[in-house]
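Participant: Could you have a look at this structure, given as structure tokens, before my questions?
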Amino acid sequence: YGPGKGGRYDWTESPPMNVMFTNGSEILLRAADSVAEDRQRGTNLSRVLMDEVTLGDQEEAFETLHGRCRDERFGALQTKVTGTPQGRNWTWRNFVLKPLQDSELFVAVTLDAEEAGFMPKGYADAQADLYGGWDTPKARQELGGQFLEMAGQVYEMFRRDVHVKAYDDAEFRNILGGIDFGSVSPTALVVGGMTGAERLHFVDEWYKPQSGIDEWIENISALEEKWGTVNEFRGTTRKRLHWICDPAGKAEMQQLRNAGFWVSPARHRNRYASRVPIMKARLRVRPGGPGMYFDPKCKFLISETEGLMWEKHRLVSSSGENLQEKFARDCPDHAHDAAANVIAEFDLGYKAIPQNTGPADHWVRS
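Residue numbers (the numbering used here): 180 to 545.
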């Protein structure tokens with residue numbers, strides 16, 4: 180901050196980080212995922228600045244902070260956001276499709292930044308070559324700032340007005356949990372229930388980076404208490420869910436088994452050729468609606484399904500060039516993968532055996 184500390188301004192030495200000025204103004208430095216509406220209702224702001232808003236799910240933080248931009252003592256009110264386009268996500272809706280009132284969209288092209296001296300000479304051309312040339316969708320998006328119409332979008336059929344629907348207490352014939360493990364990257368838990376009409380409702384989620392086994396156990400237990408059915412497992416009877424997990428997480432699954440949870444590896448074996456088609460089949464609209472709904476509280480699952488993009492990796496061999504499909508590296512897919520675990524279990528392997536001792540069906544793996 181330079182030599183002015185203790186004079187014109189000062190700042191806190193530990194979180195939450197604030198910069199205080201002698202004229203009474205203050206800068207609050209916060210992570211977007213720490214912004215909670217209930218803690219910000221009384222806040223009055225003059226400026227809001229958000230960076231990399233297309234990463235993760237920052238729509239709720241944007242709505243919360245933009246609504247608090249109402250203190251006119253320091254001039255015109257402004258909310259400014261920056262980010263790289265990621266398909267048709269919430270930034271595209273708010274600034275391109277139906278622009279917010281009095282909003283303006285500024286496109287920063289990498290070549291302009293290079294010519295202005297903010298990047299090394301040759302940087303833009305080198306990146307374009309990495310993406311396969313200036314005409315490729317990746318280069319047009321990453322270097323040209325273009326919101327490409329469905330370019331590279333994995334689930335182009337996803338629409339919030341069709342697939343996002345509050346759970347209406349419909350009776351489930353079975354309900355499962357999905358887990359995608361992470362340590363530094365986020366761990367995602369989702370809960371999905373299947374109705375008698377063969378429609379899947381994702382009704383709840385938990386999502387947190389840099390979490391460990393103790394937090395997993397705490398939040399799995401909370402979701403089981405909320406959504407589980409009473410059954411016996413390993414000699415004890417309580418509310419439980421069957422959790423379908425990332426097949427690569429063998430050690431994590433064993434930890435959860437040791438803690439008394441019912442876990443199994445997902446049937447898709449982490450193959451794109453299995454995960455993506457079953458997700459698309461559930462998103463497809465059929466008579467009466469789509470095969471899958473997301474409750475609005477599943478904000479990370481919604482954001483990832485909407486924003487997930489393909490990335491093309493060039494593989495050159497003696498027989499010529501092949502393209503191998505992968506999800507783009509900067510697109511989060513943790514809640515998506517947890518949901519794919521649930522869908523795979525329902526659509527690739529479960530069969531129902533009626534149970535005469537209670538209202539719910541008893542399910543076994545085939």
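We treat Cβ as the ideally placed atom computed from N, Cα and C, and that holds for glycine. No experiment lies behind these values; they were computed from the predicted model shown.
Answer with buried or exposed for R544, where buried requires no fewer than 16 other C-beta atoms within 10 angstroms of its C-beta.
Facilitator: Because the pLDDT of R544 is 41, which lies under 50, any placement of that residue in the model is unreliable, and the number read from its coordinates should be weighed accordingly. With fewer than 16 other Cβ atoms within 10 Å, it is exposed.
Participant: Relative to the C-alpha of R247, which candidate in L234, G235 and T222 has its C-alpha closest?
Facilitator: T222
Participant: By a C-beta neighbour count over all protein chains shown, 10 Å radius and 16 as the cutoff for buried, is V521 buried or exposed?
Facilitator: buried
Participant: So which of I358, E192 and N273 has the shortest CA-CA distance to P444?
Facilitator: I358
Participant: Can you say whether S282 is buried or exposed, counting buried as having 16 or more other CB atoms within 10 angstroms of its CB?
Facilitator: exposed
Participant: Taking 8 Å as the threshold (C-beta atoms), are A517 and L368 in contact?
Facilitator: yes
Participant: Just how far apart, CA to CA, sit L276 and I392?
Facilitator: 42 Å
Participant: Give me, in chain order, the residues of the same chain whose beta-carbon lies closer than 8 Å to that of E350; leave out the 5 immediate sequence neighbours on both sides.
Facilitator: T374 and G375
Participant: Where A255 and A345 are concerned, what is the direct C-alpha to C-alpha distance, given to the nearest angstrom?
Facilitator: 38 Å
Participant: Could you compute how far the alpha carbon of G324 sits from the alpha carbon of A318?
Facilitator: Inter-residue distance for G324 and A318 is about 9 Å (C-alpha atoms, whole angstroms).
Participant: What number of angstroms, rounded off, separates the C-alpha of D189 from the C-alpha of V198?
Facilitator: 6 Å
Participant: How far does the alpha helix (DSSP H) with Y302 in it reach, from first residue to last?
Facilitator: First-last of the alpha helix (DSSP H) with Y302: Y302 to L309.
Participant: Would you tell me roughly how many angstroms separate the C-alpha atoms of V343 and S482, rounded to the nearest one?
Facilitator: Taking the CA atoms as reference points, V343 sits about 11 Å from S482.
Participant: When the Cβ atoms of the segment 461 to 478 are set against those of the segment 378 to 388, are three or more pairs found closer than 8 Å?
Facilitator: yes
Participant: For K505, verify whether its CB is less than 7 Å away from any heavy atom of the ligand NAD.
Facilitator: As presented, the structure is devoid of all ligands, the ligand NAD included, so that no description of it is given.
Participant: Rounding to the nearest angstrom, what Cα-Cα distance links R272 and R338 in this structure?
Facilitator: 12 Å
Participant: On the DSSP bridge list, what partners appear for K418?
Facilitator: According to DSSP, K418 bridges with V409.
Participant: Buried or exposed for I206, going by 16 or more other Cβ atoms inside 10 Å?
Facilitator: Of the other Cβ atoms in all chains shown, fewer than 16 fall within 10 Å of the Cβ of I206; this residue is therefore exposed.
Participant: Along the chain, where does the beta strand (DSSP E) that runs through L355 open and close?
Facilitator: F351 to D359
Participant: Leaving out the 5 sequence neighbours to the left and right, which residues in its chain are closer than 8 Å to M298 when beta-carbon positions are compared?
Facilitator: T289 and A292
Participant: Could you give the DSSP three-state label for Q332: helix, strand or coil?
Facilitator: strand
Participant: State the DSSP-derived secondary structure class of K387, mapped to helix, strand or coil.
Facilitator: Strand.
Participant: Which partner residues does S443 have in the DSSP bridge list?
Facilitator: I423
Participant: Can you list, in chain order, the residues of its chain whose CB lies under 7 Å from that of A307, leaving out five sequence neighbours each side?
Facilitator: Same-chain partners within the cutoff: W313, A318 and L322.
Participant: For the beta strand (DSSP E) containing L228, list its first residue and its last residue.
Facilitator: In the DSSP annotation of this structure, the continuous segment of the beta strand (DSSP E) that includes L228 starts and ends at R226 to M229.
Participant: Can you tell me whether T270 is buried or exposed, with buried defined as 16 or more other CB within 10 angstroms of its CB?
Facilitator: buried
Participant: Going by DSSP, which residues form a beta bridge with W190?
Facilitator: V198
Participant: So is A303 buried or exposed if we call it buried at 16+ other beta carbons inside 10 Å?
Facilitator: buried
Participant: Would you decide whether E394 is buried or exposed? Buried here means 16 or more other CB atoms lie within 10 Å of its CB.
Facilitator: Answer is exposed; the Cβ neighbour count stays below 16.
Participant: I need the straight-line Cα distance from P278 to N268, nearest angstrom please.
Facilitator: Put simply, the backbone Cα of P278 is about 13 Å away from that of N268.
Participant: Threshold first: 4 residues or longer. Then list the alpha helix (DSSP H) segments lying entirely within the segment 432 to 486, N to C.
Facilitator: As far as the segment 432 to 486 is concerned, its whole alpha helix (DSSP H) runs of at least 4 residues are 451 to 462 and 478 to 486.
Participant: Output needed for H245: all residues of its chain with C-beta closer than 8 Å, excluding positions within five of it in sequence on either side, in chain order.
Facilitator: For H245, where only same-chain residues beyond five positions count, the Cβ hits under 8 Å are V227 and T258.
Participant: So what does V381 bridge to, in DSSP terms?
Facilitator: Reading off the sequence, residue 381 comes out as Phe, not Val. In DSSP, F381 forms a bridge with G371 and F473.
Participant: To which residues of the same chain is S497 closer than 7 Å at the C-beta, ignoring the five residues directly before and after it?
Facilitator: Bear in mind that a pLDDT of 40 at S497, under 50, signals an unreliable position, so the number given afterwards is only what the model happens to contain. Excluding positions up to five away in sequence, the list is empty.
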